[in-house]
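Those letters in the sequence shown? Residues 1 to 347, by UniProt numbering.
Ideal Cβ positions, reconstructed from N, Cα and C, are used throughout, including at glycine.
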Amino acid sequence: MYFYLVLWFISCCLMLSISNVDKKISYIYLKFYAIAMILFIGFRYKVGGDWYSYLFLFDVIKDLSFFQSLLITDPGYGFINWLSDLLNYDIYFVNFICAIIFVYGLTSLCLALPSPWLAMIVSLPYLVTVVAMGYSRQAVAIGFVMLAFASILNKNYKKFIIMILLASLFHKTAIFLFLFYPMARNKINITKLLLTYGVLFLIVFSLLFDKLIGMWGLYVEQGMESGGSLIRILINMIPAIFFLVFHKRWKTKYPNSYLFILSLSICSVIFFPLQFVLSTTIDRLALYFIPMQMIIFSMGIFLLHETYRILMLMAVIVLYTIMYIYWLHFSFYANCCWIPYNNIIFN
């Protein structure tokens, strides 16, 4: 557990000391931090909920041809496994390449934001620890998604398309994000956008009302295990609601990203009722919205007066610290599959 907390502690200290003082220093420290994260994620040993599933898949692909390797799983991930075997490497090479792509996407998005270390802190508890170390295929996809989001912030819209296409090679669900391309280009009228999402929400809610009530009873009264999905959806909703409250200020200060973040925020809210009937699907799709947390909190604090900005900054740090420590201490899966942390560098 201490390895996770050390990584967390370092990011908090760096954010509080250099985040808004010297961008060059912040950039240098972030690069060194990224290298440490690549080693931390890429050379992990028997860490992550799907460790043995990926190990089994690697053993299967060793006996397959190139084209069979692309078909047995998502083609991007199949290719990396095939290449690893061709070069006489093992699963650690696969994890290392996946870690490089994920961390590169993560740091690129952080550097595109006004408070990169706050964005890094927001990413650590779930996106880095759980996703990057547990769901290798989708972690790579999210790495490309973060590059796509960074391209929107940098007004490089063609790159957004390329990055989403690459993401879909590692997890097909990433193709869903093409729906947000018109909003990224600011090509949709805001009234039509709100009307479309509003009508969609009302239709879904009215059609599924009875089932939603029944499923809510199962989650709350019987404590079904997939309630973890509900918590993850709620975590996405916190920054989404913050954005919706301050959306006018955002539009004034960050007009280029306004429609894109607005659409992500509204979609995050719509996911709440949907997850009761499509728990697994919505839970997987919601992973692509975790970078939205990084964007909204990192950019959103500058919408507030300096006094409230500091309060919000501390509130975000405290919230994610509590979440991280609680998960490490009390989650069955954390203690089963993430603790103790092992790394082949140390063994």
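If you draw a straight line from the Cα of Trp8 to the Cα of Ile121, it is about 7 Å long. Partner residues in the beta bridge of Asn343, as assigned by DSSP, are Arg44.
Cys336: not part of any alpha helix (DSSP H); DSSP gives it neither H nor E. In the three-state scheme derived from DSSP, where H, G and I count as helix and E and B as strand, Gly49 is classed as coil.
Looking at the backbone, the Cα of Phe332 and that of Pro255 are separated by about 43 Å. Here Leu319 has no same chain residue with a Cβ atom under 7 Å from its own Cβ, once five neighbours each way along the sequence are excluded. Contact between the segment 130-140 and the segment 96-106 is present, with at least three C-beta pairs closer than 8 Å. Per DSSP, Asp63 lies in no alpha helix (DSSP H) segment and is marked neither H nor E.
With fewer than three CB-CB distances shorter than 8 Å, the segment 303-318 does not count as touching the segment 258-269. Note on geometry: alpha-carbon atoms of Lys251 and Ala184 lie some 13 Å from one another.
In its chain, beyond the 5 residues on either side, Val103, Tyr104, Leu106, Thr107 have a beta carbon closer than 8 Å to the beta carbon of Ala34. Non-local beta-carbon contacts of Met37 in its own chain, meaning distances under 6 Å to residues more than five positions away in sequence, involve Val103 in chain order. Here His171 is buried, its C-beta having at least 16 other C-beta atoms within 10 Å.
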